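Each residue of the sequence shown is one higher than the one before, starting from 268 at the first, in this note's numbering.
Notes to accompany the following structure.
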Amino acid sequence: MSVNAYAAYEPKGGLKPFKYDSGDIGPHDVEIKITHCGICHSDIHLIDNDWGISAYPLVPGHEIIGSIVAAGSEVQGMKIGQRVGVGWQSGSCMRCRWCQCGQENLCNDSKPTCVGRHGGFADFMRTDSAFAFPIPDKMNSETAAPLLCAGITVYSPMKHYALKPAQKVGIIGIGGLGHIALQFARAMGCEVTAFSSSRSKEEEAKAFGAHHFVSSQEKKAMRASAGSLDFILSTVTAPLDWISFINILNKNGRLCFVGGTVGNLEFPAGMLVMGQKSVCGSVIGGRATINEMLDFAARHDIRAKTEALPLEGVNKAIEKIRKNEARYRMVLKN
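Below, the structure written as structure tokens:
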């Protein structure tokens, strides 16, 4: 099949039209006609080769929703015309201990959707059918597309670390991930505090579900929050004063990172020891967790706040993200 796409041809360059042949479909694969694809900041990192893993021409895109138009001979439980979504991961070995226990996201043979293969800034894409997830009927494709990466990225640690309704939860960063995290934490029944360096986001943060708002730039407000939270999720990609946030944790509290470029962490080990506090990380989620996340989001009407542009407007959309002007997720629409 001939696929029309937009690709980066060099680091930090604008995307240009690109055409490729997807070849014969594999026995376990599905071909998806893409209707929507969100733009994640990870796509920008790939375009710029910030992680040193990009090969050009590179077609980014891993927050994909569309309809199945072809299926391999061994595909079961899916049908032509079914609406599905694809996130960061498009395959795993299905044999290792992590795959066997439902944590395919930790597989050493994980196959990213747009690393070593072409992603969703295109009219069609192909994936292992095991990583194509049915989208609940009541969900809107544009506002659901970012859930396939941003959504599972923030939902997975909340599930893995077993948040409970009685807990007090903080979300650092009210951006593409953070505004979705606020909605999930509120829907789980937690008391939610939003942390942002931008006071202008207070009203929106509370509309997304925050009970409280703290400016991370105001030292007095940060000190007043000491010992108040059971779980803090950091969605930012910039280094902050992490000692202040560890101070805000209650005893047995946990600071969890899903933003992977915050630099090295420096704090006295005694800050963790004396209060039995911990620092951890989380990366996307397994297949069962993704399906659960989509059902939970549909039930609680959790959606990304989006701005849609046509696929040919991809460079305009990327520029808005680079300038931090996206409120809160750009989505490409075919």
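Just so you know, even glycine gets a beta-carbon here, dropped at the ideal spot from N, CA and C.
Owing to the predicted nature of the structure, the values given are computational and were not obtained by experimental measurement.
Rounded to whole angstroms, the gap between the alpha carbons of L507 and D310 is 23 angstroms. Secondary structure within the region 363-433: the alpha helix (DSSP H) runs of 4 or more consecutive residues, fully enclosed, are 364-367, 408-411 and 417-427 (chain order). Going by beta carbons, S334 and V351 fall inside the 9 angstroms limit. Following the DSSP letters along the chain, one finds F475 in no beta strand (DSSP E) but inside the alpha helix (DSSP H) bounded by residues E469 to F475.
Here K468 is buried. Its C-beta has 16 or more other C-beta atoms within 10 Å. Taking C-beta separations shorter than 6 angstroms and ignoring five residues to either side along the sequence, the partners of M489 in its chain run S511, following chain order.
Going by beta carbons, L599 and G418 fall outside the 9 angstroms limit. The beta carbon of A593 sits closer than 6 angstroms to those of K587, all from its chain and outside the five residues before and after it, given in chain order. According to the DSSP assignment, I510 belongs to the alpha helix (DSSP H) that extends over W509 to I515. Given a length threshold of 3 residues, each whole run of the beta strand (DSSP E) inside the region 278-345 is given here in chain order: 282-288, 296-305 and 330-338. Here the alpha carbon of V459 sits roughly 5 angstroms from the alpha carbon of H478.
Shown here, F534 sits in coil according to DSSP, grouped into three states, outside any helix or strand.
Setting aside the 5 residues that flank it on each side, N601 is surrounded in the same chain by I301, T302, D390 and L578, each with a C-beta closer than 7 angstroms to its C-beta; the list follows chain order.
Per DSSP, the continuous beta strand (DSSP E) segment holding H479 begins and ends at H479 to S482. Inter-segment contact for the region 569-576 and the region 270-284 is absent: fewer than three beta-carbon pairs are separated by less than 8 angstroms.
Annotation: the continuous beta strand (DSSP E) that includes R350 extends over R350 to V353.
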